[in-house]
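Presented below is the structure to which this report refers.
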Amino acid sequence: MASSVPDKLRLLLLAAALPALSWAQLAGPGLPISLDADSSEFDRKNNVMIFNQISIRQGDLTISANQARSSNLDFGNAEWVFSGNVLIEGLDTRLRASTATLRFVNHDLRSARIAGKPAAFEQERAEFDEPVRGSASVMEYDLAAKLIKMSGSAWLQEGNNEILGEVIAYNIAEQRVIATSDEAGSQRVQITITPDENTRIEIPKPPVDK
Numbered sequence: 012m013a014s015s016v017p018d019k020l021r022l023l024l025l026a027a028a029l030p031a032l033s034w035a036q037l038a039g040p041g042l043p044i045s046l047d048a049d050s051s052e053f054d055r056k057n058n059v060m061i062f063n064q065i066s067i068r069q070g071d072l073t074i075s076a077n078q079a080r081s082s083n084l085d086f087g088n089a090e091w092v093f094s095g096n097v098l099i100e101g102l103d104t105r106l107r108a109s110t111a112t113l114r115f116v117n118h119d120l121r122s123a124r125i126a127g128k129p130a131a132f133e134q135e136r137a138e139f140d141e142p143v144r145g146s147a148s149v150m151e152y153d154l155a156a157k158l159i160k161m162s163g164s165a166w167l168q169e170g171n172n173e174i175l176g177e178v179i180a181y182n183i184a185e186q187r188v189i190a191t192s193d194e195a196g197s198q199r200v201q202i203t204i205t206p207d208e209n210t211r212i213e214i215p216k217p218p219v220d221k
């Protein structure tokens, strides 16, 4: 069952988009990309390069993992698969996962798939006292379709406001959020909005008969 999320909660999904969208820096021709690893090897049979205890940095963005595999050393047309203690860090964002798969076409980041138990991120926002946090078993980003999908006990929180559903999807072009419960109905969509202290809810008084 699908549930349209109130406009106020769109900020939560926008925050979830930022970690992946910031990876587009890796596809850009501007800042240099540095790669550091404890060891590397080439699997000639499968035409795959393997890096152990790898760290990739470009500007303020860093991706580290126990291992990474790719068929191409650059980011022109390749698929990079990071596995084991994956950590993605930016200026104000930190994302942890078990695996992360990034697909590049013509130096453009086309899609990303992050998975974990769960995969989780947090992002510092100047307008919020607490970090925006989120988690899901799988986070998928289709940059061509401008679609973000979090599935598997998806959860997002901004302060005391939170949304929980089996699947949470955000269409960037349409600026529309959809939260979905699982088919069995065991996990329903839950939205919690905590008004600030200045918000008052008044019950209108019935009219007085004259």
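End of the sequence shown = 221 in the working numbering, gap-free, step of one.
C-beta atoms are modelled at their ideal positions from N, C-alpha and C, and glycine is treated no differently.
Exercise for the section: May I have the straight-line CA-CA distance separating Gly95 from Ile74, to the nearest angstrom? Expected result: One C-alpha to the other measures close to 12 Å.
Handout entry: Arg68 to Thr104 span [Cα, whole Å]
Key = A direct Cα-to-Cα measurement between Arg68 and Thr104 gives close to 15 Å.
Exercise for the section: Give me the Cα-Cα distance between Ala35 and Asn57, rounded to the nearest whole angstrom. Expected result: Reliability of the predicted coordinates at Ala35 is poor, the pLDDT of 48 falling under 50, and the value obtained from them is presented with this limitation in mind. If I take the Cα positions, the gap works out to 27 Å.
Problem - Distance, Ala111 Cα to Leu32 Cα - result: For Leu32, the predicted structure reports a pLDDT of 47, less than 50, and the residue's modelled location is therefore unreliable. The matter cannot be settled from this model.
Problem - Rounded C-alpha distance that separates Arg114 from Glu141 - result: Distance from the CA of Arg114 to the CA of Glu141, rounded to the nearest whole angstrom, comes to 32 Å.
Practice task
Look at the alpha carbon of Ala48 and the alpha carbon of Phe62, and state the distance between them as a whole number of angstroms.
Solution key: Ala48 and Phe62: Cα-Cα distance of roughly 6 Å.
Practice task
Give the DSSP bridge partners of Glu133, in chain order.
Solution key: Paired residue(s): Arg105 and Arg144.
Handout entry: Three-way DSSP call (helix, strand, coil) for Ser82 in this model
Key = Note: Ser82 maps to coil in three-state DSSP.
Practice task
Can you give me the start and stop residues for the beta strand (DSSP E) that Leu6 sits inside?
Solution key: A query on residue 6 cannot be resolved here, the shown segment of the chain reaching from 12 to 221 and no further.
Practice task
Could you please give me the residues that DSSP links to Ile67 through a beta bridge?
Solution key: Ile67 is bridged to Leu46 and Ile74.
Handout entry: Closer than 8 Å to chain C by CB, Tyr152
Key = In the structure shown, chain C cannot be found, because there is only a single protein chain.
Problem - Buried or exposed (CB count within 10 angstroms, at least 16 for buried), Ala38 - result: Legend: pLDDT at Ala38 = 45, less than 50; position of this residue unreliable, value from coordinates given subsequently. Burial state of Ala38 is buried, judged by a 10 Å Cβ sphere holding 16 or more other Cβ atoms.
Practice task
Over the uninterrupted beta strand (DSSP E) stretch that includes Ala155, give me the two end residues.
Solution key: No beta strand (DSSP E) holds Ala155; DSSP gives it neither H nor E.
Practice task
Quick one: measure Cβ to Cβ for Leu120 and Leu154, integer angstroms, because I've assumed they're closer than 8 Å.
Solution key: Right, their Cβ atoms sit about 6 Å apart.
Exercise for the section: Spatial neighbours of Leu102 within its chain, please: CB distance less than 8 Å, with the 5 preceding and 5 following residues excluded, ordered by chain position. Expected result: Shown here for Leu102: same chain residues with a beta carbon closer than 8 Å to its own, the five before and five after excluded, namely Asp71 in chain order.
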